[in-house]
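A.B. asks: Residue numbers (UniProt numbering): 1 to 177. From the three backbone atoms N, C-alpha and C, an ideal C-beta is built for every residue, glycine too.
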């Protein structure tokens, strides 16, 4: 989705995409949570199920919009904005849900620690992303080798996953960021 849509585009879409995306996630998650509780599931499983069904398949929606020629239409851009909000919501979900799974009785301490670790990790990644990566990727791209550039990007993804692991987060969070 990042290739099709940028954060500046999301800002331009304004409140419709952002509030629509948040409302869709929360309402669908609440419905899934209620259904899970009706089925007798534990709270954690019901919460997980709620958020699981709240997320749409970005690629399927994009492909459908492209096939119908509606990608650049008003409603197509709003749908893409909502999908972007859904995709961005994965980061906090990938941090919060595992922390909730580790809890015995006390929720707030493990959740607070997980959020603090994530904030520190994201801050480190932002600093590296703003100042280190442009320099590194510029040097690699200047060499003219597409293979070396691709290898560098894959290595950076793996390093980010390893960094997340060292911060006590899942490797998937690091690879996503």
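(1) Just to confirm, are residue 174 and residue 161 a CB contact at a threshold of 9 Å?
(2) Is it the case that the Cβ atoms of residue 13 and residue 77 are separated by a distance below 9 Å?
(3) Relative to the C-alpha of residue 58, which candidate in 74, 43, 83, 18 has its C-alpha closest?
(4) Can you tell me which of 116, 110, 51 puts its alpha carbon nearest to the alpha carbon of residue 90?
(5) Figure out for me which residue from 37, 45, 95, 74 has the closest Cα to the Cα of residue 170.
(6) Judging by CA-CA distance, which residue of 123, 122, 98 is the nearest neighbour of residue 111?
(7) Does DSSP put residue 177 in a helix, in a strand, or in coil?
(8) According to DSSP, simplified to helix, strand and coil, what is residue 131?
(9) Over the uninterrupted alpha helix (DSSP H) stretch that includes residue 147, give me the two end residues.
(10) Mind checking residue 166: buried by the 16 CB within 10 Å criterion, or exposed?
C.D. replies: So, from the listed chains and residues:
(1) yes
(2) yes
(3) 83
(4) 51
(5) 95
(6) 98
(7) coil
(8) helix
(9) 146-166
(10) exposed
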